[in-house]
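*Asks:*
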Amino acid sequence: AYGYDKAQTVLERFPVNADNPAFQRTRELLAYNLFTVGMKIYADALSQQGLDVYGYNFDYVSPQDAAAGLGARHAVEIPYAFNTLAAVGLNAPEQQALADEMHARWVNFIKTGEPNTGKSAPSSIDWPRYSAAHPEIMRFNTVVKVEALPHKDDIEFLERTVYGK
């Protein structure tokens, strides 16, 4: 994926060892390269053009997924965003609270282009616009909060190493 020279640089940053087995590093690097790095580049470019960008991280793991040995993964937030939990067998109060929050934000964004419009979301947290200069995102979990882009140093390392940015 990186070529020999870049692979050596990546392995220095993300060593494989007893604390970080190969399967874990592979999963981590795949997630960064398939999702995070590209989305950061895209979000940075859009925000630098003056467009409104709202980033988020959904890292809630349902008890069902935890019991199956699964973590937060691609597209697992969809039933929460569309508030269709019952269709996938999710109905715990914490899951419904998370769905109510996400759904309100998505509806606001779809209607107005701004997720905070009307303050119809259960929380009063202001979801900030993402910018390359201040990459803040909304974190959706049992506690919804604004945070700096997680793993920013690793993501920017891969951005420079893989894409030469």
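Whatever position you read off the sequence shown (first residue = 1), add 2 for my numbering.
The beta-carbon is built from N, C-alpha and C at its ideal position, and this holds for glycine as well.
#1: Among the candidates A9, A20 and D54, whose CA atom is the shortest distance from the CA of E138?
#2: Quick check on the burial criterion: 16 or more other C-beta atoms within 10 angstroms. Buried or exposed for K42?
#3: So what's I127 in DSSP terms, helix, strand or just coil?
#4: Are the beta-carbon atoms of R70 and V63 separated by less than 7 angstroms?
#5: In angstroms, rounded to a whole number, what distance separates the CA positions of Y56 and L160?
#6: Could you spell out where the alpha helix (DSSP H) holding G5 opens and where it closes?
#7: Taking the continuous beta strand (DSSP E) assigned at A39, which residues delimit it?
*Replies:* Looking at the coordinates:
#1: Here the question's residue 138 lines up with position 136 in the sequence shown. Nearest C-alpha to E138: D54.
#2: Along the sequence shown, read from residue 1 onward, the residue named residue 42 stands at position 40. Per the 10 Å Cβ criterion, buried.
#3: Position 125 of the sequence shown, counting from 1, holds the residue named residue 127. Coil at I127, not helix or strand.
#4: Here residue 70 is taken as the residue at index 68 of the sequence shown, counted from 1. Here residue 63 is taken as the residue at index 61 of the sequence shown, counted from 1. The identity of residue 70 in the sequence shown is Ala, whereas the question assumes Arg. Contact flag unset, no.
#5: Position 54 of the sequence shown, counting from 1, holds the residue named residue 56. Position 158 of the sequence shown, counting from 1, holds the residue named residue 160. Distance between the alpha carbons of Y56 and L160: 22 angstroms.
#6: Translated into the one-based positions of the sequence shown, residue 5 becomes position 3. Segment G5 to R15, the alpha helix (DSSP H) holding G5.
#7: In the sequence shown, residue 39 corresponds to position 37, counting from 1. For the record, residue 39 in the displayed sequence is Val; it is not Ala. Segment V39 to Q50 is the alpha helix (DSSP H) holding V39; no beta strand (DSSP E) there.
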